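Protein sequences, first through last, are from chains A and B.
Here the numbering used here is used: the first residue of the first sequence is 1, the next is one more, and so on.
Here the numbering used here is used: the first residue of the second sequence is 1, the next is one more, and so on.
Just so you know, even glycine gets a beta-carbon here, dropped at the ideal spot from N, CA and C.
Model, not experiment: these values are computed from the prediction.
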Amino acid sequence: MNTVMDSVVFKFIYCMLVSSDECANSFKIIGSGFISEKYAIIGFLITAFFLIFVVINGALVGVLALIWGERRLIGRFQARVGPNRWGPWGIFTPVADAIKVMFKEDISPSLSDKFVFVLAPILMVVPVLLIFAVIPFGEATFLTDLNIGVLFVLAITSTNTLSVLMAGWGSGNRYGIIGGLRAVAMLLSYEIPMALAAVGVILMAGSLSIIQVIESQQIPYAIFQPLGFLTFLIASTAELNRSPFDITEAESELIAGYMTEYSSMKFGLFYLGEFMATIASSAIIVCLFLGGWKGPEILPSHFWFMIKWILMICVFIWFRATFPRLRVDQIMELAWKGLFELTLINILSIAILMLIWPDPSITELWIMTGVNWIVFFASLWIFGKLLGPKPLEKNGVTRKIVLQK
Amino acid sequence: MSLRTEPVTMNVGPIHPSTHGVFRMRVTFDGEEIVDVEPVIGYLHRGSEKLAEERTYTQVVTLTDRMDYVASMTNNQSYILSVEKLAGITPSPRGVWLRMIAAELQRIASHAVANGFLINDLGAWHTPLLYMLREREKILEMFEMLCGARITNSYLRPGGVFMDAPDQFWPALNRFLDEMPNRIDDIERLLTTNEIVLIRTQNVGVLKKEECLNASITGPVLRASGVDWDLREKNPYDYYDQIEFSRPLGEIGDNHDRFLIRIFEMRESLKILRQCIENIEPGPVRPKEVPFLVRPPKGDSYVPIESPKGELGFYLVSDGGISPFRCHVRAPSLINLTLLKEMVLGDKIADLFVTFGSIDVNMGEVDR
């Protein structure tokens, strides 16, 4: 396990502040800083504060970029231009949005439970920020390397459920309550396939630390275990409340679901939390399944991470622009009758393969990949037959449109 | 152990993203299941029928635009046919062909809007809707060439249309006819076999043949249930008897059938348009002898037409004056809406809006 001093960025800033032998050895150019080793803890805290500040603000700027990118991209998907008024290509549109949201009147409905109503949007944002603590943004660039990183992420993302329920309940609106209750049912169900899909990764990596997971990926796990990747992707789309699983805020049914009564910056916080969760989830998928910072050495590791990260976010935007929404019972059916079993099959196949090759060489890894792909297609075919749209022939009726001359 | 649950009543509309205007439903549901639906209409009532009594026969055309505002041309057509029958006017052939072209274009536009919003109600986040609206936009541009207006056209007059089509209209129409089949194919590739669309729409909101006939439901909703009833063929008006076209019929009568029927009817409308272009000949667009103030003799008339939403007819009573003594509209949207409760009872909340969207009602026409 890596300590925080293994992070290059951390050590660099720390060494500008604190004078120590270790620093003098690793950074010849800057040498060591002005704080004596006796008060090194001050330098440590300043560095930590600085980095946290950078990451949180980076996440906020990332949200602005994502709002712009999503609106532009969806504009293209929908055969229109997208926002293009503020700044070149409309890049200041999210800034205008943010200013507008801040100056809106802040309304609390008289029927609302004020404490819960105000607390909910805060609870939406804060846990998502915590996810950024365990994401390695490049080789030896991280805030912390928890030895239970994957578990931490799964635990943090599930607090989102509480916030949505609180928002729905606290706003005293029936659309809100329906949205909140749907959210609880759906998010709790999708926790399970998400965790089980991550088990496949953990089995191969032999560690819960995200950095160790990335380092263990000789073949990206998306290729190595497609079934795990697919289930994890679907489950995290559901966890993010994004289309086609956006039943909690289903615009055409529940107006805005749990957000119906929110206005001004409280609404802004929900918006922020949602987009930040998209960014964080994409980063987690990149770390667990797409090999994190790994890539050919023509580019620095941070670039590879950014490229994969942005591509992953684009996939989510693509989903949103394409799919119609599933109904709530079909969503639950998919979680319990489909994804849950698929993840179990994935774990089983990987466990058996690991039993056969406990310490695989690269050739054996490719053989395992082949087996996994066979399992992937076979199980998808079977589950597609079982869960797909039912043909109507069995009722003695064939569906066709007759053209009456 | 069984938990005690109680049904909740929720007010949907009149301001709601998927009520297609200002429709209100008092929905009672148990969990996610619908127990009761009580439609409340009248939020867009403007008294068009009463207003018609105060206007001359030509001025009433502008009122008909505002009834079904996504299908103004067919409203005009229905009204004008009634006036012509009442006043005994024989329209000039070129005018009739032009208004048939306008009506079929309007049918495509209306079906595009209906299907687009149906998929939007399914939650597809505007993408198919915007593809459909893009095609509708071309039609609206052609309407702009024909009469200068896009939505509220008022293009038709007793005896024909008020203006001949300009020169740029025909190339635009031909280009549209060439492009549109591919566009419909695109939409079908995106949606017809989309598994989410299939599981959301198949066997949801089923209407049986008998139910439809008992409730006098017409239009694509009726044909989706498998009843071969199209007024263009059964009771031809204008020159539809000179035209070959087929009528798509569904079998089950669920939301998916209604969606498919509209797609197929768009294709059939393209066929009709091509035949109209072949048949049209130069000449006056409206007979000279029709006066500006039509004064029909005493009597009444009713000419139903097949509007995009169903049987649309204006019942006009004349007392010999310059304005109708009484005007009543048989609005297909209102009558198709009557079975909403039977269609959605026992379904989930999400299905309510899809079924409502698949009937394709227009609140301007329901409330008038």
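Chain B contact for residue i (CB, 9 Å cutoff)
{"i": "Leu-386 (chain A)", "result": "no"}
{"i": "Phe-77 (chain A)", "result": "yes"}
{"i": "Ile-67 (chain A)", "result": "no"}
{"i": "Ser-243 (chain A)", "result": "yes"}
{"i": "Tyr-175 (chain A)", "result": "yes"}
{"i": "Gly-396 (chain A)", "result": "In this predicted model, Gly-396 (chain A) has a pLDDT of only 46, less than 50, meaning its place in the structure is not dependable; the value taken from the coordinates is given anyway. No, no contact with chain B."}
{"i": "Ile-234 (chain A)", "result": "no"}
{"i": "Arg-72 (chain A)", "result": "no"}
{"i": "Ile-178 (chain A)", "result": "yes"}
{"i": "Ile-107 (chain A)", "result": "no"}
{"i": "Ile-247 (chain A)", "result": "yes"}
Residues sharing a beta bridge with residue i, DSSP
{"i": "Lys-369 (chain B)", "result": "Absent from the model: residue 369 (chain B). The displayed extent of chain B is 1 to 368, so no value can be given."}
{"i": "Pro-94 (chain A)", "result": "The partner list for Pro-94 (chain A) (beta bridge, DSSP) is empty, contrary to what the question assumes."}
{"i": "Arg-157 (chain B)", "result": "B:Gly-160"}
{"i": "Gly-228 (chain A)", "result": "BP columns for Gly-228 (chain A) are empty, so no partner."}
{"i": "Cys-374 (chain B)", "result": "Nothing can be reported for residue 374 (chain B): it is not among the residues displayed for chain B, which extend from 1 to 368."}
{"i": "Ile-35 (chain A)", "result": "A:Val-18"}
{"i": "Arg-24 (chain B)", "result": "B:Val-40"}
{"i": "Ile-305 (chain B)", "result": "B:Leu-312"}
{"i": "Asp-300 (chain B)", "result": "B:Val-317"}
{"i": "Met-10 (chain B)", "result": "B:Val-27"}
Any chain A beta carbon closer than 9 Å to residue i
{"i": "Leu-231 (chain B)", "result": "no"}
{"i": "Ile-119 (chain B)", "result": "yes"}
{"i": "Glu-32 (chain B)", "result": "yes"}
{"i": "Met-25 (chain B)", "result": "no"}
{"i": "Ile-196 (chain B)", "result": "yes"}
{"i": "Ser-18 (chain B)", "result": "yes"}
{"i": "Arg-330 (chain B)", "result": "no"}
{"i": "Glu-6 (chain B)", "result": "no"}
{"i": "Trp-125 (chain B)", "result": "yes"}
{"i": "Leu-340 (chain B)", "result": "no"}
{"i": "Leu-345 (chain B)", "result": "no"}
{"i": "Leu-122 (chain B)", "result": "yes"}
{"i": "Met-10 (chain B)", "result": "yes"}
Status (buried if at least 16 other CB within 10 Å, exposed otherwise) for residue i
{"i": "Pro-244 (chain A)", "result": "buried"}
{"i": "Arg-242 (chain B)", "result": "Looking at the sequence provided, one finds Gln at residue 242 (chain B) rather than Arg. So Gln-242 (chain B) ends up on the exposed side."}
{"i": "Asp-65 (chain B)", "result": "buried"}
{"i": "Glu-278 (chain B)", "result": "exposed"}
{"i": "Arg-4 (chain B)", "result": "exposed"}
{"i": "Ser-110 (chain A)", "result": "exposed"}
{"i": "Asp-319 (chain B)", "result": "exposed"}
{"i": "Ile-42 (chain A)", "result": "exposed"}
{"i": "Tyr-39 (chain A)", "result": "exposed"}
{"i": "Thr-363 (chain A)", "result": "exposed"}
{"i": "Ser-361 (chain A)", "result": "exposed"}
{"i": "Gly-168 (chain A)", "result": "buried"}
{"i": "Pro-300 (chain A)", "result": "exposed"}
{"i": "Phe-323 (chain A)", "result": "buried"}
{"i": "Met-363 (chain B)", "result": "buried"}
{"i": "Leu-334 (chain B)", "result": "buried"}
{"i": "Asn-174 (chain B)", "result": "exposed"}
{"i": "Gly-283 (chain B)", "result": "exposed"}
{"i": "His-45 (chain B)", "result": "exposed"}
{"i": "Trp-89 (chain A)", "result": "exposed"}
Interface flag, residue i vs chain C, CB-CB below 9 Å
{"i": "Leu-111 (chain A)", "result": "This model lacks chain C altogether, as its protein chains are A and B."}
* To do: Return the chain-ordered ranges of every alpha helix (DSSP H) run that is complete within the segment 103-162 of chain A and spans a minimum of 4 residues.
  => Secondary structure within the segment 103-162 of chain A: the alpha helix (DSSP H) runs of 4 or more consecutive residues, fully enclosed, are 114-131 (chain order).
* Selection of the segment 348-362 of chain B by Cβ proximity to chain A, strictly under 9 Å -> Lys-348, Ile-349, Ala-350, Asp-351, Leu-352, Phe-353, Val-354 and Gly-357
* Residues in the segment 128-157 of chain B having any Cβ partner in chain A nearer than 9 Å -> Pro-128, Leu-129, Leu-130, Tyr-131 and Arg-134
* Residues from the segment 251-280 of chain A in contact with chain B, defined by Cβ distance under 7 Å -> Close to chain B, meaning a Cβ-Cβ distance shorter than 7 Å, are the following residues of the segment 251-280 of chain A: Glu-251, Ser-252, Glu-253 and Ile-255.
* Asked: When Cβ atoms are compared, which residues of the segment 308-335 of chain A fall closer than 9 Å to chain B?
  -> Arg-320, Ala-321, Thr-322, Phe-323, Pro-324, Arg-325, Leu-326, Arg-327, Val-328, Asp-329 and Gln-330
* **Whole runs of the alpha helix (DSSP H) within the segment 108-156 of chain B, excluding any shorter than 4 residues** => 127-147
* Asked: Going along the chain, which residues of the segment 199-217 of chain B sit with their C-beta nearer than 8 Å to a C-beta in chain A?
  -> Ile-199, Arg-200, Gln-202 and Asn-203
* Whole runs of the alpha helix (DSSP H) within the segment 155-228 of chain B, excluding any shorter than 4 residues -> 169-191, 195-201, 209-214 and 220-224
* Asked: Taking Cβ-Cβ distances below 7 Å as the criterion, which residues of the segment 266-287 of chain B are in contact with chain A?
  -> none
* Starting from the N-terminal side, write out each stretch of the alpha helix (DSSP H) that is 4 residues or longer and does not extend beyond the segment 246-292 of chain B. => 255-279
* Residues of the segment 78-103 of chain A whose Cβ lies closer than 7 Å to any Cβ of chain B, in chain order -> Listed in sequence order: Gln-78, Ala-79 and Arg-80.
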